[in-house]
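All residue numbers for the first sequence refer to the numbering used here, where the first residue is 2 and numbers rise by one. Even glycine gets a Cβ: it sits at the ideal position worked out from N, Cα and C. Worksheet for the structure shown next.
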Amino acid sequence: MSRYSAADIEAKWQAAWDAAGTFKAVRSDDKPKYYVLEMFPYPSGRIHMGHVRNYTMGDVIARYKLSTGHNVLHPMGWDAFGMPAENAAMASGGHPKDWTYQNIADMRAQMKPLGLSIDWSREFATCDPEYYGQQQSLFIDMLAAGLVYRKKATVNWDPVDMTVLANEQVIDGKGWRSGADVERRELVQWFFKISDMAGELLDALDGLDNWPAKVRLMQSNWIGRSRGLQFAFGLTENDTGHDRVEVYTTRPDTLLGASFVGISPDHPLAKELERRDPAVAAFCTDARKGGTTEEAMEKADKLGYDTGLTVRHPFDTAWELPVYIANFILMDYGTGAIFGCPAHDQRDLDFSRKYGLPVKPVFIQAYSKGVLTGYPLGFAMSSAFNLASSNGDLSTSSTGELYFWQDEHAYVPPKSESVKYVHGFAGAELQTGAEGVDTAIAFCEANGVGHGVTKFRLRDWGLSRQRYWGCPIPVVHCDTCGTVPEKKENLPIELPYDVDFSIPGNPLDRHPTWRHTTCPNCNAPARRETDTMDTFVDSSWYYARFTAPHATTPTAMADAAYWMNVDQYIGGVEHAILHLLYSRFFARAMQITGHLPKSAIEPFDALFTQGMVTHEIYQTYGRTGPNDRHGEGHGFTQYHFPEEVENRNGKVVLKATGNEVEIIPSAKMSKSKKNVVDPMNIIAAYGADTARWFVLSDSPPERDVEWTASGADAAAKHLARVWALCDRIGNMDPNVTGEGDDDLLRAMHRSIHDVTVGIEGFGFNAAIAKLYAFTSALTKSKAGAAAQKLAIRTLAQLMSPMTPHLAEDIWAHQGGTGLIANAVWPVADPAMLTHDSVTLPIQINGKRRAEITVPRDMPASEVEKLVLADDAVIRALDGATPKKLIVVPGRIVNVVV
RNA sequence: GCCCGAGUGGUGGAAUGGUAGACGCAGAGGACUCAAAAUCCUCCGCCGCGAGGCGUGUCGGUUCGAGUCCGACCUCGGGCACCA
Numbered sequence: 002m003s004r005y006s007a008a009d010i011e012a013k014w015q016a017a018w019d020a021a022g023t024f025k026a027v028r029s030d031d032k033p034k035y036y037v038l039e040m041f042p043y044p045s046g047r048i049h050m051g052h053v054r055n056y057t058m059g060d061v062i063a064r065y066k067l068s069t070g071h072n073v074l075h076p077m078g079w080d081a082f083g084m085p086a087e088n089a090a091m092a093s094g095g096h097p098k099d100w101t102y103q104n105i106a107d108m109r110a111q112m113k114p115l116g117l118s119i120d121w122s123r124e125f126a127t128c129d130p131e132y133y134g135q136q137q138s139l140f141i142d143m144l145a146a147g148l149v150y151r152k153k154a155t156v157n158w159d160p161v162d163m164t165v166l167a168n169e170q171v172i173d174g175k176g177w178r179s180g181a182d183v184e185r186r187e188l189v190q191w192f193f194k195i196s197d198m199a200g201e202l203l204d205a206l207d208g209l210d211n212w213p214a215k216v217r218l219m220q221s222n223w224i225g226r227s228r229g230l231q232f233a234f235g236l237t238e239n240d241t242g243h244d245r246v247e248v249y250t251t252r253p254d255t256l257l258g259a260s261f262v263g264i265s266p267d268h269p270l271a272k273e274l275e276r277r278d279p280a281v282a283a284f285c286t287d288a289r290k291g292g293t294t295e296e297a298m299e300k301a302d303k304l305g306y307d308t309g310l311t312v313r314h315p316f317d318t319a320w321e322l323p324v325y326i327a328n329f330i331l332m333d334y335g336t337g338a339i340f341g342c343p344a345h346d347q348r349d350l351d352f353s354r355k356y357g358l359p360v361k362p363v364f365i366q367a368y369s370k371g372v373l374t375g376y377p378l379g380f381a382m383s384s385a386f387n388l389a390s391s392n393g394d395l396s397t398s399s400t401g402e403l404y405f406w407q408d409e410h411a412y413v414p415p416k417s418e419s420v421k422y423v424h425g426f427a428g429a430e431l432q433t434g435a436e437g438v439d440t441a442i443a444f445c446e447a448n449g450v451g452h453g454v455t456k457f458r459l460r461d462w463g464l465s466r467q468r469y470w471g472c473p474i475p476v477v478h479c480d481t482c483g484t485v486p487e488k489k490e491n492l493p494i495e496l497p498y499d500v501d502f503s504i505p506g507n508p509l510d511r512h513p514t515w516r517h518t519t520c521p522n523c524n525a526p527a528r529r530e531t532d533t534m535d536t537f538v539d540s541s542w543y544y545a546r547f548t549a550p551h552a553t554t555p556t557a558m559a560d561a562a563y564w565m566n567v568d569q570y571i572g573g574v575e576h577a578i579l580h581l582l583y584s585r586f587f588a589r590a591m592q593i594t595g596h597l598p599k600s601a602i603e604p605f606d607a608l609f610t611q612g613m614v615t616h617e618i619y620q621t622y623g624r625t626g627p628n629d630r631h632g633e634g635h636g637f638t639q640y641h642f643p644e645e646v647e648n649r650n651g652k653v654v655l656k657a658t659g660n661e662v663e664i665i666p667s668a669k670m671s672k673s674k675k676n677v678v679d680p681m682n683i684i685a686a687y688g689a690d691t692a693r694w695f696v697l698s699d700s701p702p703e704r705d706v707e708w709t710a711s712g713a714d715a716a717a718k719h720l721a722r723v724w725a726l727c728d729r730i731g732n733m734d735p736n737v738t739g740e741g742d743d744d745l746l747r748a749m750h751r752s753i754h755d756v757t758v759g760i761e762g763f764g765f766n767a768a769i770a771k772l773y774a775f776t777s778a779l780t781k782s783k784a785g786a787a788a789q790k791l792a793i794r795t796l797a798q799l800m801s802p803m804t805p806h807l808a809e810d811i812w813a814h815q816g817g818t819g820l821i822a823n824a825v826w827p828v829a830d831p832a833m834l835t836h837d838s839v840t841l842p843i844q845i846n847g848k849r850r851a852e853i854t855v856p857r858d859m860p861a862s863e864v865e866k867l868v869l870a871d872d873a874v875i876r877a878l879d880g881a882t883p884k885k886l887i888v889v890p891g892r893i894v895n896v897v898v
């Protein structure tokens with residue numbers, strides 16, 4: 002008997018697929034197309050288990066679709082621009098390009114042994130000039146279409162590294178790399194006009210039925226549509242040259258609780274005051290300080306500066322409100338100015354308490370939860386404009402029925418709760434939430450106070466990066482013509498190779514010649530743009546490029562029309578927002594610029610977000626020695642690689658010392674915690690099929706899967722069992738007959754059905770469980786040779802998307818024709834999925850008490866008779882009379898007493 | 001703070017409103033072996049000798065029947081957030 006040797010058969014079948022060109026995607030109308038794409042990797046140099054899981058899932062789909070008669074496109078490429086290459090260059094003195102291409106070569110070599118059904122002829126890296134040259138061409142078209150523009154923007158500037166930092170790269174207000182205090186700087190940057198499409202990108206989410214609801218929701222929140230009122234407060238007499246302050250609010254129903262108006266330090270009015278008054282300038286400078294990160298803003302105090310200016314309330318010209326400059330107001334959302342309603346907004350309440358501003362409730366709960374205990378209920382103004390008592394000192398109001406806010410918590414009514422308005426809107430009692438807001442907007446519009454507007458949280462996408470290793474922005478700055486796009490015949494604008502990373506900043510800026518060029522317009526000497534594009538641009542259209550990777554335009558329309566959209570996209574949920582949103586934007590932009598057909602407005606028809614591969618962490622505690630800088634007595638944690646530990650009598654111990662280790666369950670694989678397994682080691686030890694089988698088997702694909710040595714062993718043992726089974730059946734005399742042919746064939750058809758359903762519904766773990774069961778049935782079967790041979794061939798087919806090499810080998814041994822990869826997927830015979838007789842459980846009042854086997858088509862009335870005559874039922878009824886009998890044909894019987 | 005999602009044996013997890021715990025791991029017992037490894041077989045939710053009872057985070061509801069649907073709560077996880 003031969004032994005299962007993964008190394009031999011895997012190399013053999015990979016060579017066979019290559020030789021046959023099995024996975025080369027060919028455009029033709031004879032079959033339906035199917036485009037499977039996994040999010041392409043960054044070439045870090047090593048593949049990890051997350052890659053293995055991601056690509057295996059895509060491979061299962063791709064191979065299954067190939068077997069079910071589709072033209073499959075399943076490409077692979079490299080998201081190859083980005084900072085790690087530059088950082089590596091700075092650390093080791095190498096070149097980002099060399100580093101990147103070497104890593105690509107290494108990773109490709111690691112990926113090939115997995116036996117993925119990829120069309121490698123379409124491979125590209127985003128740092129190939131052929132790719133980014135087309136990206137530059139696309140950029141020029143987008144510029145012409147008005148989808149790109151330049152503006153001054155505030156950025157995080159690292160003064161040591163002399164570069165812009167993304168928000169995530171600012172830690173505690175300091176640059177993640179240099180540790181320098183980050184400054185907010187205004188730079189002229191390029192932007193994509195994604196905000197113009199905010200409404201469209203939001204509305205179209207509804208049509209993405211095959212996307213996870215969670216991802217759609219995250220995108221929806223990110224785009225952030227809000228409905229509100231935009232209106233102006235008129236300024237009282239002043240000499241600033243301003244006569245009004247424009248404000249946007251989503252809570253116009255609280256307008257009568259206003260107690261101040263706040264403007265951003267970057268608001269035009271604030272800037273005007275800043276020019277005149279050094280005290281204002283000092284305040285504004287201070288307020289602008291600090292990063293734009295979440296933590297920085299969280300920590301910052303709410304600071305306000307009383308400008309001395311006042312505005313009139315739009316509903317009561319006698320009612321004046323002070324104008325503050327406040328550090329928490331953002332210039333780039335709404336109008337850069339707000340009104341504060343402290344009774345119903347916690348931040349406004351804190352601010353008002355700090356600066357001694359009045360707090361006037363607008364509405365109160367219909368019932369009290371303690372927040373408003375002690376306040377009289379039910380008072381409403383007779384008219385919104387009858388507001389004499391709203392202005393001034395509430396405590397001495399003549400009516401004696403006004404309200405003080407003594408609580409330190411603002412009352413924010415929950416959605417859909419009935420509230421009574423205290424001030425305003427004609428004594429209305431309204432639902433809170435959208436209804437109250439709509440009512441308030443309608444009321445304000447009717448009275449000539451502003452108008453309802455829809456705003457989005459989504460802002461334009463700033464794409465300029467002061468980096469070398471990215472796609473150069475293909476424009477030229479000319480003293481006479483201004484900013485001019487490059488001529489397309491000059492593309493690609495290639496990155497120069499001879500750059501110097503020994504000093505900080507963008508090497509393109511310092512390059513002796515690269516930036517000097519001539520104006521495409523007037524031929525006068527001019528300067529190239531030295532900023533490069535955000536790497537998210539590279540990954541926003543690569544899916545389209547795969548349809549014609551060697552085209553001399555960004556896409557080839559006929560190919561794009563044939564292959565787009567991606568039928569199934571697979572990747573990590575960490576890209577739920579940015580990458581997927583940017584790709585959706587680009588698909589639209591490429592349609593506008595004529596690079597994608599109208600049908601490809603949404604690039605990804607179906608999206609699947611897979612979970613991570615996790616592993617236990619093994620740790621021991623040490624004590625520091627006398628030389629440790631922490632001094633004696635400090636404990637420290639030491640981590641150990643999985644291969645350093647073993648299981649001895651139920652205890653996990655260090656192989657070297659025998660000391661027991663502590664186990665931290667299931668954490669994301671991380672080199673620093675040493676809870677990693679290298680796919681290369683797994684493939685060397687067990688083979689690719691085992692690794693593929695295991696990453697699919699243990700957990701549902703959308704959830705995290707924990708890599709365990711015992712699980713991998715089990716997978717390997719199972720594959721070896723299947724191999725041995727094939728060997729045994731292969732040696733059977735073809736003429737031998739046996740017992741239970743029908744049972745085996747029924748199990749086979751059940752298995753075909755279940756595995757097919759499992760693969761189509763991304764239930765890979767369930768499909769594998771069914772394959773275990775079928776294998777077990779076949780192992781125990783005493784059926785004749787013909788049935789067993791058919792069963793093992795079918796088993797191989799059903800396993801082939803997951804363990805393609807083993808499946809090919811079995812197929813070949815069992816006399817299958819051609820490659821199993823090209824074999825037609827088996828179809829379950831419906832007649833073989835049901836039996837002539839069924840066993841029905843019998844419940845008494847919903848509790849299972851007995852069972853009965855009856856012919857499948859027996860009428861319910863007959864079944865009832867048999868049930869009531871059943872000994873076990875009579876015993877369980879114990880003389881009680883059944884009130885009702887429910888027979889669900891083919892499923893269950895319930896006796897109600 | 002706002003918005004989502006999830007809670008099932010020792011463990012990963014199965015289960016169109018219809019026999020809860022498939023399949024795997026771990027564990028126990030057995031066969032083979034001089035012995036071990038490998039392999040194979042059996043058992044494996046909890047209580048109970050047993051008949052039986054109880055069981056899908058908690059409490060209620062809908063239903064002939066609820067892990068599944070509805071409501072409230074608890075716990076964990078995720079996303080967003082000076083967004084006016």
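Sorting Q789, V696, Y56 and V758 by C-alpha distance to the C-alpha of G741 places Q789 at the top. For E321, the enclosing beta strand (DSSP E) stretches over residues D317 to A327. Here G463 is not near W223, since their CB atoms are 9 Å or more apart. Your pair N211 and A607 checks out as a contact, with CB atoms roughly 4 Å apart and the cut at 8 Å. Taken through DSSP and simplified to helix, strand or coil, V438 comes out as helix. For S777, the enclosing alpha helix (DSSP H) covers residues F765 to K781. Residue pairing by DSSP puts A154 in a beta bridge opposite L188.
By the neighbour-count definition (other C-beta atoms within 10 Å, threshold 16), R546 is a buried residue. Contact between A881 and V897 is absent: CB atoms are separated by about 10 Å, not below the 8 Å threshold.
Minimum Cα-Cα distance from A525 among the listed residues H580, T484 and D501 corresponds to T484. The continuous stretches of beta strand (DSSP E) do not include F547, and DSSP gives it neither H nor E. Rounded to the nearest angstrom, the gap between the Cα atoms of Y773 and F765 is 12 Å. Collapsing the DSSP output to three states places H512 in coil. The beta-bridge partner set that DSSP reports for Y56 is empty.
By the C-beta criterion, the region 74-81 is judged not to be in contact with the region 704-715, since fewer than 3 inter-stretch pairs fall below 8 Å.
Residue environment analysis places E863 among the exposed positions, since fewer than 16 neighbouring C-beta atoms fall within 10 angstroms of its C-beta. Classified as buried, D120 has 16 or more neighbouring CB atoms from the shown chains inside 10 Å of its CB. Taking a 10 Å sphere around the C-beta of N648, we find fewer than 16 other C-beta atoms and assign the residue as exposed. As computed with DSSP, N104 is found in no beta bridge at all.
Beyond the five residues adjoining it in sequence on each side, N660 comes within less than 7 Å, by CB distance, of T621 and V654 in the same chain, given in chain order.
Distance between V183 and P160, taken at the CA atoms: about 7 Å. About 5 Å separates the beta carbon of A822 from that of T23, a gap short enough to meet the 8 Å contact definition. DSSP places P486 in the uninterrupted beta strand (DSSP E) bounded by G483 to P486. Remark: C-beta atoms of Y325 and V262 approach each other more closely than 9 Å.
For the pair A561 and P598, the CB atoms are nearer than the 9 Å cut-off. At a Cβ-Cβ threshold of 9 Å, D535 and G453 do not count as neighbours. In this structure, DSSP gives N88 a helical state, which the three-state scheme calls helix.
Partner residues in the beta bridge of W79, as assigned by DSSP, are A126.
Annotation for F232: the continuous beta strand (DSSP E) segment containing it runs R226 to L236. Taking all protein chains in view, the Cβ of F193 is crowded by 16 or more other Cβ atoms within 10 Å, so the residue is classified as buried. With fewer than 16 neighbouring CB atoms inside 10 Å of its own CB, S600 falls in the exposed class. Nearest C-alpha to G70 among N328, S221, L256 and S29: S29. Under the DSSP assignment, C727 falls in the alpha helix (DSSP H) whose first and last residues are A710 to G731.
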